[in-house]
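Protein chains: 2
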Amino acid sequence: MTAVGNGRHLSVGSTAPALTKGKLRLYSMKFCPYAQRVHLVLDAKQIPYDVVYVNLSAKPEWLFDKHPLGKVPAIELEDGTVLYESLILCEYLDSVSATRPLASADPLQRTKDKLLIERFSQFIGLFYKIYQDISALNSDDIMKSLDEFEVELTKRDAPYFSGARPGMVDYMIWPWCERADMLTILAGDRYLLPEKRFPKLLQWKKFMKEDEAVKSTYLDASVHVKFLKSREGGVADYDMLVS
Amino acid sequence: MTAVGNGRHLSVGSTAPALTKGKLRLYSMKFCPYAQRVHLVLDAKQIPYDVVYVNLSAKPEWLFDKHPLGKVPAIELEDGTVLYESLILCEYLDSVSATRPLASADPLQRTKDKLLIERFSQFIGLFYKIYQDISALNSDDIMKSLDEFEVELTKRDAPYFSGARPGMVDYMIWPWCERADMLTILAGDRYLLPEKRFPKLLQWKKFMKEDEAVKSTYLDASVHVKFLKSREGGVADYDMLVS
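Respectively, the protein sequence lines represent chains A and B. Heads up: the first sequence runs through residues 1 to 243, numbered per UniProt numbering. Heads up: the second sequence runs through residues 1 to 243, numbered per UniProt numbering.
Okay, here's the thing in structure tokens:
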């Protein structure tokens, strides 16, 4: 079960919906990991928002009025100000809403956390080969890119990177961890993380799946694969979850 | 005249110098624009530091103990903690030192400034062609990537992006603006910014050259070109400024 919204993805030729008073708006795409980061932060901090989903294969013309490159995620504030870039957005949302701070209040810890998120881009870079040429992917490289996260969780001696509850690191890396199971579906069991090498990380993943914000955005790996296959087939099925 | 330090760049086989008590250490390379960002912030905020310059063509083995990818800039704190990534570093330094805040105290303005810095990466991406294939560079693209900075300065109605004094945006984009004159030396006058199209940006550049932090890191475009030529010739002359 997922709580991902039931809205359709707006396409070329559509009209930008009017803003809802008192709410910020998130421009999103249901299968986009960068957009999921922002959903996670909004949900974790219980910031009210509405969502406009966008078809990225046939972008609405108005999207370029919101984002100079026509990308998601972007948020639009009540006064029409548009902000974008997932990490910058998440930091902004955390800094303007005092409910449940996600970043550490300590500048040094906050900086170390940012570097850890930055280091995760190695995994993201490798993972993206599943969208291009999965045969170029190597399970050794994937495992190696995750070793330091196992080390870090062990050092931090807590269920989550941020301690007793998920925080910025946890939410910023989660979207790709959710999608990591796509690798075993598409390329076999050698992509299963060995329990002996990654005990903390595997436990973390179980804990994360119980988090309310994660539950509200979660899609099963089989659904992510189905979307990927539709994209590879030439017509990305953005609205496959619309009932 | 420049105040760039007189130290030599340490190479493979060298020993990491002991830390100086009471000072943070910056690992740098004299011609690296990303490292220059950190010098600018340290100098502008008058944070005491020492510098260790590193030969990036023959990296000291110990550099990989400091930075997982053996890159500069990196800073080492008194307790041996190492931080890196120029933007993350500059934010950290600004947040731990109260003298002359460089980032806006307003979260929304701070976020807009971060996006502006992010947008500048378009110029950086184009500019890097001078290190690869300058014939692939197009002066129209360069000009277009700067248009929004002219618009932004006009909107902000101040000598600097941050107001009456240079701030985060000014210092984060400066290293490539300093190097932009390399384009006219290497590829001709069509890379001169037209006064009519960029009046504010040209004025900003003049003001920036008078800033003390800029003066302390400034190298003339001819020097940058000389270094580039040495690199193209196969032996990057890191120590050309050592007297």
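Glycine residues also receive a C-beta, built at the ideal position from the N, C-alpha and C atoms.
| Asked | Found |
| --- | --- |
| Helix, strand or coil at A:Ala-35 according to DSSP, with G and I counted as helix | helix |
| Chain-ordered chain B contacts of A:Val-96 [CB-CB under 8 Å] | Pro-107 and Leu-108 |
| Contact test: B:Arg-119 Cβ vs the ligand NAP heavy atom, cutoff 7 Å | This structure simply doesn't include the ligand NAP, nor any ligand for that matter. |
| Whole-angstrom distance between A:Phe-227 and A:Pro-189, CA atom to CA atom | For clarity, residue 189 of chain A is Asp in the given sequence; the question names Pro instead. Using only the alpha carbons, I get a separation of about 21 Å. |
| Beta-carbon proximity of A:Phe-161 to A:Asp-147, cut-off 8 Å | no |
| Other residues of its chain near A:Asp-50: CB distance less than 6 Å, five sequence neighbours each side excluded | Thr-20, Lys-23 and Arg-25 |
| Own chain partners of B:Trp-204 with C-beta closer than 7 Å, once the 5 adjacent residues on each side are dropped | Leu-153, Pro-159 and Tyr-160 |
| Local conformation of B:Ser-230 per DSSP, three classes | helix |
| Interface partners of B:Ile-88 on chain A, CB under 8 Å | Thr-111, Lys-114, Leu-115 and Glu-118 |
| Chain A residues whose Cβ lies nearer than 7 Å to that of B:Glu-85 | Leu-115 and Glu-118 |
| Contacts that A:Tyr-92 makes with chain B (C-beta to C-beta distance below 7 Å) | Pro-107 and Thr-111 |
| Boundaries of the alpha helix (DSSP H) in which A:Arg-165 is found, first to last residue | Premise fails: A:Arg-165 is in no alpha helix (DSSP H) and is neither H nor E. |
| Cut-off 6 Å between Cβ atoms - residues of its own chain near A:Leu-102, not counting five sequence neighbours on either side | Asp-94, Gly-167 and Met-168 |
| Own chain, CB closer than 7 Å to B:Arg-37, minus 5 neighbours either side, in chain order | Ser-86, Cys-90, Tyr-171, Met-172 and Pro-175 |
| Coil, strand or helix - A:His-67 by DSSP | coil |
| Assigned secondary structure, A:Ile-75 (DSSP; H/G/I helix, E/B strand, else coil) | strand |
| Distance between A:Asp-211 and B:Val-182 (C-alpha atoms, nearest Å) | In the sequence as displayed, the identity of residue 182 of chain B is Met instead of Val. Taking the straight line joining both Cα atoms gives about 53 Å. |
| Within-8 Å CB hit, B:Gln-46 to chain C | Looking at the structure shown, chain C is missing, and the protein chains on hand are A and B. |
| Opposing strand residues paired with A:Asp-170 [DSSP bridges] | Beta-bridge pairing links A:Asp-170 to no other residue. |
| Expected contact under 8 Å - CB spacing of B:Pro-60 and B:Val-12 to nearest Å | 6 Å |
| Reduced DSSP secondary structure (H/G/I, E/B, other) of B:Met-240 | coil |
| Residue span of the alpha helix (DSSP H) that contains A:Tyr-92, given as start and end | 86-96 |
| Close Cβ partners of B:Gln-46 (< 7 Å) along its chain, the five nearest in sequence each way excluded | Thr-99 |
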